[in-house]
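There are 2 protein chains.
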Amino acid sequence: MPLKALVFDAYGTLFDVHSVIRRCEQLWPGKGERISQLWRSKQLEYTWQRSLMRRYEPFSLVTRAALDYACEILGAALGPREAELLMRDYLELAAYPDVAAALEKLSALRLAILSNGSPDMLDPLVKHCGMERVFAAVISVDELRVYKPAPEVYALAVSKLGVSADEIGFVSSNCWDAIGAKSFGLSTYWINRGGAPVDRLGFAPDRRLNGLGELPALLAR
Amino acid sequence: MPLKALVFDAYGTLFDVHSVIRRCEQLWPGKGERISQLWRSKQLEYTWQRSLMRRYEPFSLVTRAALDYACEILGAALGPREAELLMRDYLELAAYPDVAAALEKLSALRLAILSNGSPDMLDPLVKHCGMERVFAAVISVDELRVYKPAPEVYALAVSKLGVSADEIGFVSSNCWDAIGAKSFGLSTYWINRGGAPVDRLGFAPDRRLNGLGELPALLAR
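Just so you know, the protein sequences line up as chains A and B, in that order.
Numbers in this note's numbering are just positions in the first sequence, counted from 1, shifted up by 1388.
Numbers in this note's numbering are just positions in the second sequence, counted from 1, shifted up by 1388.
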């Protein structure tokens, strides 16, 4: 069945979470990249752990908590000023260079975002990148109070877009996220910009691409 | 209320998962420690992701899958021989040096293990360390088909031991595990051998110890 809608993950897929490295490096010279990497990995761990504990809190709170952890373990002094600067930077992450042109070429399809991000983070970010009109829907897990890769998250995209699951393509750079969507029943496109191994979670993404720029040609075939 | 039972996490708390470093280093010189670290972190990620996906597989399979991933990303050739050696090593992990004496001093209490490990991994390991008679119960998440920190896992310890939740102390070196138990309602003792920061998950372990050796004196007060 031909696709009617494409649903994109936000953080790491459209928007580069490591845009914050520059600020981290300014604040804590020599530690910028390590703080950014650990911030991201703790942020994800906390989403999984909180979901399993059934102690959901919005992604903005989880992100702030992960920053605390990353700074403590790396010995980076985090005061209110530093935290505010970095959390504000998170609302202004850069889109990857291959995003704008790819979305333009895909605009015949209904485009949507499906993200862990809470609306207080996601809406300003989409606006900052000038993408308010690109997406038919910006869908957050927040109303479900559980994070990816729970199947009900991917089901939310189906219900919000009003098309059937086999008419939706799901696009993510996070391999486990693409696999979660595949396990639920969506066609999945893994954007593997960094040449990572595929995660071993019992399912494989349907297609692997080196960048978002490859997607329009792939779908036009 | 005084404690009647102590429930211990296994991997990382009683048994040192990084006992495999030596073998990894023999097989892939210069990469041993990185493989062991990545193997462990992927193993945990997969337990969380599979639980959320509702695609449980036993810890033995998850552990094997995580080894595949770790070796691929680090460019370490993993054939059937290497995999078999390492999976067998996992059945013979070393107990931490502070374990035996502490358990001996705590033997007036009912002692149990509550672990992500499937029985095919956990039973040989406990036997290898000569601890079959130390524990009144070796409890695996396997019968629930969900991993820590889901609350039903900690509830399983309560039902298996036949004592009330406020009579159980839970002991783990994995901070998120101690917090999961606390969130469920157990008294928790975080064994922080490495001096790690506390995880920011909305709850804190009741007590922080630098090693298991401190636990008998703490409980005797």
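Every residue, glycine too, gets a C-beta built ideally from N, C-alpha and C.
Say whether chain A places a C-beta atom closer than 9 Å to the C-beta of E1492(B). no
Contact belief for T1451(B) with Q1437(B) at Cβ below 8 Å, rounded distance in angstroms: Not confirmed; about 14 Å, so no contact.
For S1561(B), count neighbouring C-beta atoms within 10 Å of its own C-beta (all shown protein chains included) and say buried if the count is 16 or more, exposed if not. buried
Could you check whether the Cβ of Q1425(B) sits closer than 8 Å to any heavy atom belonging to the ligand NAD? Because no ligand of any kind appears in the structure shown, any question about the ligand NAD cannot be addressed here.
Between C1464(A) and chain B, is there a C-beta pair that is closer than 9 Å? According to the sequence as given, residue 1464(A) is Ala; it is not Cys. No - not a single Cβ of chain B is within 9 Å of the one on A1464(A).
Pairwise C-alpha distance: L1597(A) and N1580(A): 6 Å
Unbroken alpha helix (DSSP H) run spanning W1427(A), endpoints: G1420 to M1441
Contact check, V1541(B) vs V1534(B) under 8 Å by CB: the rounded distance? 7 Å
Through-space distance from A1543(B) to D1587(A), alpha-carbon basis: 31 Å
Please state whether DSSP places T1343(A) in a helix, a strand or coil. No answer is possible for residue 1343(A): it lies beyond the span of chain A, which begins at 1389 and ends at 1609.
Tell me whether F1447(A) sits in a helix, a strand or coil according to DSSP, three-state version. helix
Out of G1590(B), V1395(B), K1493(B) and E1492(B), point me to the one whose CA is closest to E1445(A)'s CA. G1590(B)
Give me, in chain order, the residues of the same chain whose beta-carbon lies closer than 7 Å to that of W1416(A); leave out the 5 immediate sequence neighbours on both sides. I1423 and A1464
Secondary structure at S1552(B), three-state DSSP: helix, strand or coil? coil
Which term fits G1557(B), buried or exposed, when burial requires 16 or more other beta carbons within 10 angstroms of its beta carbon? buried
Going along the chain, which residues of its own chain have a beta-carbon closer than 8 Å to the beta-carbon of A1592(B), five neighbours each way excluded? I1567, K1570 and V1586
I want to verify the contact list: residues of chain B whose CB lies under 9 Å from the CB of D1456(A), in sequence order. P1585 and R1588
What residues from chain A crowd round A1545(B), counting only those whose CB sits closer than 9 Å? Under the 9 Å cutoff, chain A gives no residues; its nearest Cβ is about 16 Å from A1545(B).
Closer than 9 Å, CB to CB, is L1532(A) near chain B or not? no
Contacting positions in the region 1427–1440 of chain B - beta carbon closer than 7 Å to chain A: Y1434, W1436, Q1437, R1438, S1439 and L1440
At which residue ranges does the region 1480–1536 of chain B contain complete alpha helix (DSSP H) runs of 4 or more residues, listed in the order of the chain? 1487–1493 and 1507–1516
Mark S1547(A) as exposed unless 16 or more other C-beta atoms lie within 10 angstroms of its C-beta, in which case mark it buried. exposed
For A1524(B), which residues in the same chain have their Cβ closer than 8 Å to its Cβ, ignoring the five residues on either side in sequence? A1393, R1498, L1499, A1500 and L1549
Less than 8 Å between C-beta atoms, sequence neighbours within five positions excluded: which residues of the same chain meet that for L1473(B)? R1411 and L1415
Listing by chain order, which chain A residues have their CB less than 8 Å from the CB of W1564(B)? E1433 and Q1437
Name, in chain order, the residues that DSSP records as bridge partners for L1394(A). L1499(A) and G1557(A)
In terms of DSSP beta bridges, what is L1597(B) paired with? I1579(B)
What does DSSP give as the partner residue(s) for F1403(A) in the beta ladder? Y1399(A) and A1483(A)
Can you tell me the Cα-Cα spacing of P1390(A) and G1573(A), whole angstroms? 15 Å
Applying a beta-carbon distance threshold of less than 7 Å, which residues of chain A neighbour R1442(B)? P1539
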